[in-house]
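Trainee:
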Amino acid sequence: SVKGTIVMEDENEQGRRKILNLGHTIGHAIEKVLNYNGITHGHAVGIGIVTELKWMVSEGYLEISVLKRVQEILKRLDMSINIKDIDKEECIRAISFDKKRKYDMITLSIVEDIAVVKNMDVPMKDISKLVEHLFLGEEE
């Protein structure tokens, strides 16, 4: 598998493997806030991917057409990308304990296009803007 190859090439997550983190910052926060009940890891990461891509579009890193393409794929998989009853502040608090956080920065995988990903350190003070996209409707 592609994931297996990347993991084998970068066992200590020092380089290329970090691109596999897409969606996991929000996904892990969702899992933690829900006490790991009622949602699978894959579903949480799927929601995280869409949330993070929405944020990337809003920040000008990504064209909206890529976001729409991912949303369409998730619809075909019958995976709901909307979530309710998640507290924004609890979500931000959960992210503050993420393994990708270093002091006042957190490393996010930034998608620039299909299969074009880079890692970028984002200030923790900006995470509330990212989390806000969890609560925006699909068309936002």
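Here my numbering runs 194 ahead of the position in the sequence shown, where the first position is 1. Yeah, the Cβ is synthetic: ideal placement off N, Cα and C, and Gly gets one too. Because the structure is a prediction, the values reported are computed rather than measured.
1) The alpha helix (DSSP H) spanning M314 covers which residue range?
2) What's the gap between the Cα of S322 and the Cα of K282?
3) Taking 8 Å as the cut-off, decide whether the C-beta atoms of A238 and E253 are in contact.
4) Buried or exposed, going by whether 16 or more other CB atoms sit within 10 Å of the CB of N215?
5) What residue range does the alpha helix (DSSP H) around L261 cover?
6) On the DSSP bridge list, what partners appear for I300?
7) Quick one: any contact between the segment 228-238 and the segment 260-269, if contact means 3 or more CB pairs under 8 Å?
8) Would you tell me roughly how many angstroms separate the C-alpha atoms of G221 and M318, rounded to the nearest one?
9) Looking at the secondary structure, which residues open and close the alpha helix (DSSP H) in which G236 lies?
10) Considering only C-alpha positions, which residue in the set I241, A309, Y255 is nearest to A316?
Mentor: The answer reads as follows:
1) M314 -> not in any alpha helix (DSSP H); beta strand (DSSP E) instead, spanning 310-317.
2) Rounded to the nearest angstrom, the two C-alpha atoms are 8 Å apart.
3) Note that the C-beta distance between A238 and E253 is not below 8 Å.
4) By the neighbour-count rule (16 or more Cβ atoms within 10 Å), N215 is buried.
5) Counting along the chain, the unbroken alpha helix (DSSP H) around L261 starts and ends at 258-270.
6) As computed with DSSP, I300 is found in a beta bridge with R295, V316.
7) Per the Cβ contact rule, the segment 228-238 is not in contact with the segment 260-269 (fewer than 3 Cβ pairs under 8 Å).
8) Cα to Cα, G221 sits roughly 17 Å from M318.
9) Run containing G236: 235-253, per the alpha helix (DSSP H) assignment.
10) Residue identity differs from the one stated: residue 316 is Val in this sequence, not Ala. The shortest Cα separation from V316 among I241, A309, Y255 belongs to Y255.
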